[in-house]
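First to last, the protein sequences are chains A and B. Residue 1 is where the first sequence starts when you use the working numbering, and the numbers rise one by one after that. Residue 108 is where the second sequence starts when you use the working numbering, and the numbers rise one by one after that. This report concerns only the one structure given below.
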Amino acid sequence: DIQMTQSPSSLSASVGDRVTITCRASQGISSRLAWYQQKPEKAPKSLIYAASNLQSGVPSRFSGSESGADFTLTISSLQPEDFATYYCQQYSSYPLTFGGGTKVEIK
Amino acid sequence: EVQLVESGGGLVQPGGSLRLSCAASGFTFSDHYMDWVRQAPGKGLEWVGRTRNKGNSYTTEYAASVKDRFTISRDDSKNSLYLQMNSLKTEDTAVYYCARRGSCGNYCPWDYWGQGTLVTVSS
Chain A
1 DIQMTQSPSS LSASVGDRVT ITCRASQGIS SRLAWYQQKP EKAPKSLIYA
51 ASNLQSGVPS RFSGSESGAD FTLTISSLQP EDFATYYCQQ YSSYPLTFGG
101 GTKVEIK
Chain B
108 EVQLVESGGG LVQPGGSLRL SCAASGFTFS DHYMDWVRQA PGKGLEWVGR
158 TRNKGNSYTT EYAASVKDRF TISRDDSKNS LYLQMNSLKT EDTAVYYCAR
208 RGSCGNYCPW DYWGQGTLVT VSS
């Protein structure tokens with residue numbers, strides 16, 4: 001199974017801050033990496049696919065990138081509605097696997 | 108508007124069975140692979156399994172933790188996805204989401220999720 005190691009597990013930030021979350025795959029996944037946002041008691045929402053492509057309707061302050069086995073989700077200017085938990089997920093091979101999540105909290 | 112609405116969750120005893128449903132609307136259901144993903148209370152997301160579309164013979168994939176206990180099926184005529192859960196264990200307690208795989212080629216993540224239904228396995 002491909003292990004997805006996500007860091008940090010939590011972070012505190014202020015509105016307007018630049019936030020970066022990292023995900024590392026234990027094997028090559030050929031950019032088959034997605035990011036999801038989940039707010040408390042809500043279903044996950046799809047943000048990014050193929051490592052760097054924004055889903056329709058996702059604000060441009062969200063971006064994704066990759067460097068080898070490392071993938072990064074960046075929020076360029078944190079907004080109040082962005083406080084949530086973020087998950088990475090690989091869809092390169094079965095079983096489909098997620099990172100452990102990063103909870104973004106208000107400082 | 109794409110909508111996925113799960114139902115069928117509830118309280119069941121260990122060793123029991125439950126069938127979840129997911130009603131889809133707003134898109135051509137038969138075109139898409141469909142998945143179940145679960146989330147134990149206070150925990151992260153875990154993929155449960157997938158059913159492919161008719162063009163791919165409705166074949167299925169499962170996580171090791173549920174293989175041989177859970178069965179995913181679909182009825183394209185009813186735009187519905189199902190999860191039959193047998194031999195339930197306390198560790199199966201979770202919110203179960205259905206999710207639509209997008210249409211972007213051979214490899215594609217989920218683009219829409221349902222709101223989830225809670226399954227509690229307890230005596």
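Glycine included, C-beta positions come from ideal geometry on N, C-alpha and C.
Extent of the continuous beta strand (DSSP E) to which residue i belongs
{"i": "Cys211/B", "result": "Careful: Cys211/B lies outside any beta strand (DSSP E) and carries neither H nor E."}
{"i": "Val19/A", "result": "Val19 to Ala25"}
{"i": "Asp70/A", "result": "Asp70 to Ile75"}
{"i": "Thr135/B", "result": "Per DSSP, Thr135/B belongs to no beta strand (DSSP E) and is neither H nor E."}
{"i": "Asp182/B", "result": "Phe177 to Asp182"}
{"i": "Arg157/B", "result": "Leu152 to Thr158"}
{"i": "Thr200/B", "result": "Note, Thr200/B: premise wrong, no beta strand (DSSP E); not H, not E."}
{"i": "Ile29/A", "result": "Taken as a continuous stretch (DSSP letters only), Ile29/A belongs to no beta strand (DSSP E), as it is neither H nor E."}
{"i": "Gln110/B", "result": "Gln110 to Ser114"}
{"i": "Val173/B", "result": "Careful: Val173/B lies outside any beta strand (DSSP E) and carries neither H nor E."}
With 16 other Cβ atoms within 10 Å as the buried cut-off, status of residue i
{"i": "Ser46/A", "result": "buried"}
{"i": "Asp218/B", "result": "buried"}
{"i": "Glu198/B", "result": "exposed"}
{"i": "Glu105/A", "result": "exposed"}
{"i": "Arg126/B", "result": "exposed"}
{"i": "Val173/B", "result": "buried"}
Residue i at chain A interface by Cβ criterion, 8 angstroms
{"i": "Tyr152/B", "result": "The identity of residue 152/B in the sequence shown is Leu, whereas the question assumes Tyr. Yes - at least one Cβ of chain A is within 8 angstroms of the one on Leu152/B."}
{"i": "Pro148/B", "result": "no"}
{"i": "Ala131/B", "result": "no"}
{"i": "Gln220/B", "result": "The sequence shown places Trp at residue 220/B, rather than the Gln named in the question. So, interface residue."}
{"i": "Trp217/B", "result": "yes"}
Closer than 8 angstroms to chain B by CB, residue i
{"i": "Gly101/A", "result": "yes"}
{"i": "Leu47/A", "result": "no"}
{"i": "Tyr87/A", "result": "yes"}
Check: Is the stretch 81 to 93 of chain A in contact with the stretch 19 to 30 of chain A, if contact means three or more CB pairs nearer than 8 angstroms?
Finding: As far as the Cβ criterion goes, the stretch 81 to 93 of chain A touches the stretch 19 to 30 of chain A, which means the pair count is three or higher.
Notebook entry, point to check: Is the stretch 74 to 87 of chain A close to the stretch 38 to 45 of chain A, with three or more CB pairs under 8 angstroms?
Noted result: A contact between stretches requires three or more CB pairs, one per stretch, nearer than 8 angstroms, and the stretch 74 to 87 of chain A meets this requirement with the stretch 38 to 45 of chain A.
Check: Does the stretch 10 to 25 of chain A come within contact of the stretch 109 to 122 of chain B, defined as at least 3 CB pairs closer than 8 angstroms?
Finding: No: fewer than three Cβ pairs fall under 8 angstroms.
Margin query: Using a Cβ distance threshold of 8 angstroms, determine whether the stretch 210 to 222 of chain B contacts the stretch 147 to 167 of chain B, with at least three qualifying pairs required.
Written below: Because the criterion of three Cβ pairs below 8 angstroms is not met, the stretch 210 to 222 of chain B and the stretch 147 to 167 of chain B do not touch.
Check: Per the contact definition of three or more C-beta pairs closer than 8 angstroms, is the stretch 108 to 117 of chain B in contact with the stretch 131 to 141 of chain B?
Finding: Yes: at least three Cβ pairs fall under 8 angstroms.
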